[in-house]
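First residue of the sequence shown? That's 175 in the working numbering, and the numbers climb one at a time after it.
The structure appears right after this line, and notes come after that.
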Amino acid sequence: MSGHRRKRLAGLVGRRILAFALLAMLLQVAMVFARYWFDDEELGHILVERETEAIAASIHRVNGLLTLDPDAPVVDRYMGDVDDIDGGGRADDDGAALDHLPPATFVRIRGADGRIIHSNCGEECEEHFLPPPGNAPDFWQRAIEPGKPLSVAGGRAFVIDGERVLVDVAVLHDPGHFLGSILTYEMIDHMLVPMGLMLVLTVGATILSIGAALRPVSAAARAADALDPRSPTSLSIDAAMPSEVAGLVEAINRLFSRAAEIMTAQKVFSAAVAHEIRTPLAVLRLELDRIDDPRARRAEADIERLLHILEQLTDLARLDVVEEAAFVETDLAALAADVVADMAPLVLDRGATIAYEGAGPVVVRLVPSLIQNVVRNLIENSLKHAGRGVDIVVTVCEDGSLTVSDNGSGFVPREARGEFGRVKASGSLGLGLTIVERIAVLHGAALSIRSAPGEGSSARVAFVRS
Numbered sequence: 175m176s177g178h179r180r181k182r183l184a185g186l187v188g189r190r191i192l193a194f195a196l197l198a199m200l201l202q203v204a205m206v207f208a209r210y211w212f213d214d215e216e217l218g219h220i221l222v223e224r225e226t227e228a229i230a231a232s233i234h235r236v237n238g239l240l241t242l243d244p245d246a247p248v249v250d251r252y253m254g255d256v257d258d259i260d261g262g263g264r265a266d267d268d269g270a271a272l273d274h275l276p277p278a279t280f281v282r283i284r285g286a287d288g289r290i291i292h293s294n295c296g297e298e299c300e301e302h303f304l305p306p307p308g309n310a311p312d313f314w315q316r317a318i319e320p321g322k323p324l325s326v327a328g329g330r331a332f333v334i335d336g337e338r339v340l341v342d343v344a345v346l347h348d349p350g351h352f353l354g355s356i357l358t359y360e361m362i363d364h365m366l367v368p369m370g371l372m373l374v375l376t377v378g379a380t381i382l383s384i385g386a387a388l389r390p391v392s393a394a395a396r397a398a399d400a401l402d403p404r405s406p407t408s409l410s411i412d413a414a415m416p417s418e419v420a421g422l423v424e425a426i427n428r429l430f431s432r433a434a435e436i437m438t439a440q441k442v443f444s445a446a447v448a449h450e451i452r453t454p455l456a457v458l459r460l461e462l463d464r465i466d467d468p469r470a471r472r473a474e475a476d477i478e479r480l481l482h483i484l485e486q487l488t489d490l491a492r493l494d495v496v497e498e499a500a501f502v503e504t505d506l507a508a509l510a511a512d513v514v515a516d517m518a519p520l521v522l523d524r525g526a527t528i529a530y531e532g533a534g535p536v537v538v539r540l541v542p543s544l545i546q547n548v549v550r551n552l553i554e555n556s557l558k559h560a561g562r563g564v565d566i567v568v569t570v571c572e573d574g575s576l577t578v579s580d581n582g583s584g585f586v587p588r589e590a591r592g593e594f595g596r597v598k599a600s601g602s603l604g605l606g607l608t609i610v611e612r613i614a615v616l617h618g619a620a621l622s623i624r625s626a627p628g629e630g631s632s633a634r635v636a637f638v639r640s
């Protein structure tokens, strides 16, 4: 698997939905803004409603009389000359009249009988507000000047503690930036909040739905990864699988079936070729033994190499048909020592030495014949690379590792998986290490090769101890 972490489908779809939803929200914001910005009557209506409601909420009965709470936040926007119902003026802590209100923001609060509860204007009230009729409307509004900044006047009737109260406001040229607050409130309350909640629910439901729909896919992937290519079985199709996923599983089953047929054909071909060629080559070698000529000896050497390649090809073909019952608890140390003893005459004949080092029994679950092949191939590999005069040491450690090392000239190892088995400069196929690697994978062991020019080489197979 690549080190790059792949993105999950639910995350990809969720991000795309989020991006399109945000784009839709921006377009909706623009539309709502345009709608309110070009509708001065609607903006004025909202301004009058909001301001009169805020003012009415700050009116309380004190000593039997309705009065405006001086500590209410809304009062700061309408501070100025004040006339309450007893005709008194409101002053700050220094006794000075609160008359520093911007002259373009006015408010007047009256009782049903026309009594002034609160006011910060004089002639302006008469100019912009309705006269005190006996039955004022529950709501009124009119534009003072068209266009922006907003200039509007209006009023509403409220019932506070059983008494009808009329609240009138007038805003000229929007000195308190009412328009900005109105637009912001409308955007947040009527558009951003509901659309944001819908967006969260939509993205969450999408991620959950995709995750639930892809759960059978993940299960099928795990099942496919656990299949043994040497004895493939079909993946089961869950009834909860969507039809698209079931079609994918069926395609994978067909792929495994074709792969099994190809592997079977390859094994039959390899075994047949090795069997059919081995006998003629053996006969040819016997015939060459009777010829006393240097060219016959060179031909014998070529035949030996060809027989060795056939033996290795046969070994590779056999690796595809190893059954689980072939794995048995085996003393790796004793097995390696026996192979060293068997290989010693060949090693000595090549002008090299071989030794075994071990620390008692090391029990590992393995296929004995295959591990014997591993030890032989590694010893032969050292002989090929190091040549005459090399010292080979086979070591089995208590941790279940098998190491074959030498003090030869060394080489530059091919570390990348799949590099083994390429045609080398010497003309050989290098199948020995390929066989070792395949057997190591079959046993769940790790193969590592360490070598450098002039420093010898070492091949280590780390098994899992029983």
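For each residue, glycine too, the CB sits at the ideal point set by N, CA and C.
For clarity, every value in this text was computed on a predicted model and none was experimentally measured.
>> Quick check on the DSSP output: the alpha helix (DSSP H) that includes Ala331 runs from which residue to which?
In response: Within the sequence shown, numbered from 1, the residue matching residue 331 stands at position 157. No alpha helix (DSSP H) contains Ala331, which is instead part of the beta strand (DSSP E) from Ser325 to Ile334.
> Quick check: the stretch 184 to 195 against the stretch 298 to 312, are there 3 or more CB pairs under 8 Å?
Replying inline: no
> Ser579: buried (16+ other C-beta within 10 angstroms of its C-beta) or exposed?
Replying inline: Here residue 579 refers to the residue found at position 405 when the sequence shown is read from its first residue. So Ser579 ends up on the buried side.
>> Suppose the cutoff is 7 Å on Cβ atoms and the five residues either side in sequence are ignored; what does the same chain contact list for Ala636 look like?
In response: Numbered from 1 along the sequence shown, position 462 holds the residue referred to as residue 636. Contacts found: Gly574, Ser575, Ala619 and Ala620.
>> Comparing C-alpha positions only, which one of Arg284, Glu531, Ala508 and Glu298 sits nearest to Thr241?
In response: Locating residue 241 in the sequence shown gives position 67, counting from the first residue. If we check each option's Cα against that of Thr241, Arg284 comes out closest.
>> So, at 7 Å on beta carbons, what are the nonlocal neighbours of Gly630 in its own chain, with the 5 sequence-adjacent residues on each side left out?
In response: Your numbering for residue 630 matches position 456 in the sequence shown. Answer for Gly630: Ser579, Asp580, Asn581, Gly582 and Gly584, listed in chain order.
>> So, under 8 Å CB-CB, Asp342 and Arg282 are touching, yes? Tell me the CB distance rounded to an integer number of Å.
In response: By 1-based counting over the sequence shown, the position of residue 342 is 168. By 1-based counting over the sequence shown, the position of residue 282 is 108. The pair is a contact, with the Cβ atoms about 5 Å apart (cut-off 8 Å).
> Do you know how far the Cα of Leu552 is from the Cα of Leu607?
Replying inline: Numbered from 1 along the sequence shown, position 433 holds the residue referred to as residue 607. Numbered from 1 along the sequence shown, position 378 holds the residue referred to as residue 552. The alpha-carbon atoms of Leu607 and Leu552 are separated by roughly 7 Å.
> Smallest Cα separation from Trp211: which of Asp476, Leu353 and Gly328?
Replying inline: Stepping through the sequence shown from its first residue, residue 211 is reached at position 37. Comparing Cα-Cα distances from Trp211 to each of Asp476, Leu353 and Gly328, the minimum goes to Leu353.
>> Determine whether the beta carbon atoms of Leu458 and Ile477 lie at a separation below 8 Å.
In response: As a working note, residue 458 is residue 284 in the sequence shown. As a working note, residue 477 is residue 303 in the sequence shown. Yes, Cβ-Cβ distance for Leu458 and Ile477 is below 8 Å.
>> Rounded to the nearest angstrom, what separates His617 and Val548 at their Cα positions?
In response: Within the sequence shown, the letter at position 443 stands for residue 617. Within the sequence shown, the letter at position 374 stands for residue 548. His617 and Val548: Cα-Cα distance of roughly 12 Å.
> By DSSP, does Ser622 sit in helix, in strand, or in coil?
Replying inline: For the purposes of this step, residue 622 is taken as residue 448 along the sequence shown, with counting starting at 1. If DSSP states are grouped into helix, strand and coil, Ser622 belongs with the strands.
> Using the C-alpha atoms, what's the distance from Ala231 back to Asp245?
Replying inline: On the sequence shown, position 71 is the one that residue 245 refers to. On the sequence shown, position 57 is the one that residue 231 refers to. Roughly 12 Å separates the two Cα atoms.
>> Given a cut-off of 8 Å on the beta-carbon distance, is the pair Ala614 and Glu572 in contact?
In response: Locating residue 614 in the sequence shown gives position 440, where the first residue counts as 1. Locating residue 572 in the sequence shown gives position 398, where the first residue counts as 1. Not in contact: Ala614 and Glu572 (Cβ atoms no closer than 8 Å).
>> So the candidates are Glu227, Glu225 and Gly218; which of them puts its Cα closest to the Cα of Ser325?
In response: Start at 1 with the first residue of the sequence shown, and residue 325 comes out as number 151. Of Glu227, Glu225 and Gly218, the residue nearest in Cα terms is Gly218.
>> My assumption, with CB atoms under 8 Å, is that Thr577 sits in contact with Ala633. Please give the rounded CB distance.
In response: Along the sequence shown, read from residue 1 onward, the residue named residue 577 stands at position 403. Along the sequence shown, read from residue 1 onward, the residue named residue 633 stands at position 459. Yes, Thr577 and Ala633 are in contact; Cβ-Cβ is about 7 Å, under 8 Å.
> Between the C-alpha atoms of Lys441 and Ala434, what's the straight-line distance to the nearest angstrom?
Replying inline: Counting from one through the sequence shown, the residue named residue 441 turns up at place 267. Counting from one through the sequence shown, the residue named residue 434 turns up at place 260. Roughly 11 Å separates the two Cα atoms.
> When the Cα atoms are used, what is the spatial distance from Leu357 to Ala208?
Replying inline: Walking along the sequence shown from the start, residue 357 turns up at place 183. Walking along the sequence shown from the start, residue 208 turns up at place 34. The alpha-carbon atoms of Leu357 and Ala208 are separated by roughly 10 Å.
>> Suppose the cutoff is 7 Å on Cβ atoms and the five residues either side in sequence are ignored; what does the same chain contact list for Phe194 look like?
In response: The residue you call residue 194 lines up with position 20 of the sequence shown. Answer for Phe194: no residue qualifies.
> Which residue's Cα is closest to the Cα of Leu522: Cys299, Leu221, Leu557 and Arg396?
Replying inline: Here residue 522 refers to the residue found at position 348 when the sequence shown is read from its first residue. Residue Leu557 is the option with its Cα nearest to Leu522.
> Which residues in the same chain have their Cβ closer than 8 Å to the Cβ of Glu531, if we skip the five residues on either side of it in sequence?
Replying inline: Taking the first residue of the sequence shown as 1, we reach residue 531 at position 357. If we look at Glu531 and ignore the five residues flanking it on each side, its Cβ neighbours are Val567, Val568, Thr569 and Val570.
> If we call anything under 8 Å between Cβ atoms a contact, is Val203 one with Met372?
Replying inline: For the purposes of this step, residue 203 is identified with residue 29 of the sequence shown, where counting begins at 1. For the purposes of this step, residue 372 is identified with residue 198 of the sequence shown, where counting begins at 1. No, these two residues do not count as a Cβ contact at 8 Å.
>> Once DSSP output is grouped into helix, strand and coil, what is the label at Glu531?
In response: As a first step, residue 531 is located in the sequence shown; it is residue number 357 there, counting from the start. Of the three classes helix, strand and coil, the one that applies to Glu531 here is strand, per DSSP.
> Taking the runs of the alpha helix (DSSP H) that are 4 residues or longer, which of them lie wholly in the stretch 177 to 226?
Replying inline: 183 to 211
> Between Val339 and the rest of its own chain, which residues show a CB-CB distance below 8 Å, the 5 nearest in sequence each way excluded?
Replying inline: Locating residue 339 in the sequence shown gives position 165, where the first residue counts as 1. For Val339, where only same-chain residues beyond five positions count, the Cβ hits under 8 Å are Ala230, Ile233, Leu240, Ile283, Arg284, Gly285, Ala286, Ile291, Ala331, Phe332 and Val333.
>> On the DSSP bridge list, what partners appear for Gly574?
In response: What you label residue 574 is simply residue 400 of the sequence shown in a count that begins at 1. In the DSSP output, where bridge partners are listed per residue, Gly574 has none listed.
> Which runs of the alpha helix (DSSP H) fall wholly inside the stretch 534 to 570 and span at least 4 residues, in chain order?
Replying inline: 542 to 560
> Would Asp258 be called buried (16 or more neighbouring beta carbons within 10 Å of its own) or exposed?
Replying inline: As a position in the sequence shown, residue 258 is number 84, starting the count at 1. The pLDDT assigned to Asp258 is 38, lower than 50, so where the model puts this residue is not dependable, and the model offers no usable value.
> From Val541, Gly185, Asp348 and Glu554, pick the residue whose C-alpha is nearest to that of Ala278; which is it?
Replying inline: As a position in the sequence shown, residue 278 is number 104, starting the count at 1. Cα-wise, what sits closest to Ala278 is Asp348.
>> Suppose you measure from the CA of Ser417 to the CA of Ala393; what does that come to, to the nearest Å?
In response: Translated into the one-based positions of the sequence shown, residue 417 becomes position 243. Translated into the one-based positions of the sequence shown, residue 393 becomes position 219. About 15 Å.
>> By alpha-carbon positions, which one of Ala198, Pro305, Glu319 and Ser355 ends up nearest to Glu225?
In response: Within the sequence shown, the letter at position 51 stands for residue 225. That would be Ser355, whose Cα lies nearest to the Cα of Glu225.
>> In whole angstroms, give me the CA-to-CA distance for Arg612 and Leu429.
In response: Residue numbering aside, residue 612 sits at position 438 when the sequence shown is read from its first letter. Residue numbering aside, residue 429 sits at position 255 when the sequence shown is read from its first letter. Rounded to the nearest angstrom, the two C-alpha atoms are 23 Å apart.
> Residues bridged to Ile318 by DSSP?
Replying inline: Along the sequence shown, read from residue 1 onward, the residue named residue 318 stands at position 144. Paired residues: none, contrary to the question.
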